[in-house]
Amino acid sequence: MVLGFWQQIREILQARFPANLIIRRPGLGGWLIGLFCFLFLWLYRPLGAQPSKAFGFEMTMALYSVVVVLLIWGGISLLKKLPYFSEPARWTLLKELMAIVYILLFLGIGVYLAGFMIEDTSIDRWNLSTFLDSLKQAVLIGLLPFGFLLLKNVPYLLPGQRAEATGEPTADRVEADPEVHINSSLKRSI
């Protein structure tokens, strides 16, 4: 019984799954996430987000959002160069989850390093708690758009929808054009 459960989990993870918009189109995806991050940070000021001393709050968040755009674009471009992630036709739920974890970690590390240029340099940022805080903020904020797009594609895991994840037609979607025979007693004249 337990073995059957793990077999089902493995089948679900290995099922074909469409890559989300952010992964398929990293330029557009980066801008969408950057805009989302800016609006989210500007409206809600979550997780104790503070302005830098050189800029106001809005400018600080705008700079971080531009960094996010560049990190998303660069991170996904690097990800697609790896042989395991290079074939979109062989995309699976496991690859999707691994890609999201990779991108969020890449984003957290990049935001942490960008803080050295954006934030006040007199503050000691070179410590584990600041690094973990950057990772936490990137993951918590980034999970919202990635989670939404992941959940949007979950119906493709249903048995009747799996082939549609790859763009292959399913049996119920394939409709042959009906043949039309026209019989006429008229003769064609030349």
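Position in the sequence shown (from 1) plus 155 gives the number in our numbering. Backbone N, C-alpha and C define an ideal beta-carbon position, used for all residues, glycine too.
Span of the alpha helix (DSSP H), counted from its first residue to its last, around residue i
i           : result
residue 282 : Per DSSP, residue 282 belongs to no alpha helix (DSSP H) and is neither H nor E.
residue 190 : 181-199
residue 174 : Looking at the DSSP string, residue 174 is not in any alpha helix (DSSP H), and its letter there is neither H nor E.
residue 236 : 212-236
residue 251 : 248-273
Cβ-Cβ distance between residue i and residue j below 8 angstroms
i           : j           : result
residue 251 : residue 172 : yes
residue 273 : residue 199 : no
residue 260 : residue 168 : no
residue 188 : residue 297 : yes
residue 278 : residue 258 : no
residue 190 : residue 255 : no
Interface flag, residue i vs chain B, CB-CB below 8 angstroms
i           : result
residue 290 : The question asks about chain B, but that chain is absent: this structure has only one protein chain.
Close Cβ partners of residue i (< 6 angstroms) along its chain, the five nearest in sequence each way excluded
i           : result
residue 267 : 286, 289
residue 215 : 206, 207
residue 228 : 181, 182, 185
Cβ neighbours of residue i in the same chain (closer than 7 angstroms, five flanking residues each side left out)
i           : result
residue 186 : 224
residue 222 : 265, 266, 269
residue 280 : 270, 271, 274
Nearest-angstrom beta carbon gap, residue j and residue i [assumed within contact, 8 angstroms]
i           : j           : result
residue 226 : residue 182 : That belief does not hold up - the Cβ atoms of residue 226 and residue 182 are roughly 13 angstroms apart, past 8 angstroms.
residue 301 : residue 177 : 7 angstroms
residue 174 : residue 246 : 5 angstroms
Cut-off 8 angstroms between Cβ atoms - residues of its own chain near residue i, not counting five sequence neighbours on either side
i           : result
residue 323 : In this predicted model, residue 323 has a pLDDT of only 45, less than 50, meaning its place in the structure is not dependable; the value taken from the coordinates is given anyway. Around residue 323: no qualifying Cβ.
| query | Touch check for the region 206-217 and the region 237-257: three-plus C-beta pairs under 8 angstroms? | reply | With contact defined as three or more Cβ pairs closer than 8 angstroms, the region 206-217 and the region 237-257 are not in contact.
| request: Check whether the region 280-287 touches the region 297-310, taking contact to mean three or more Cβ pairs, one atom from each stretch, closer than 8 angstroms. | output: No contact exists between the region 280-287 and the region 297-310.
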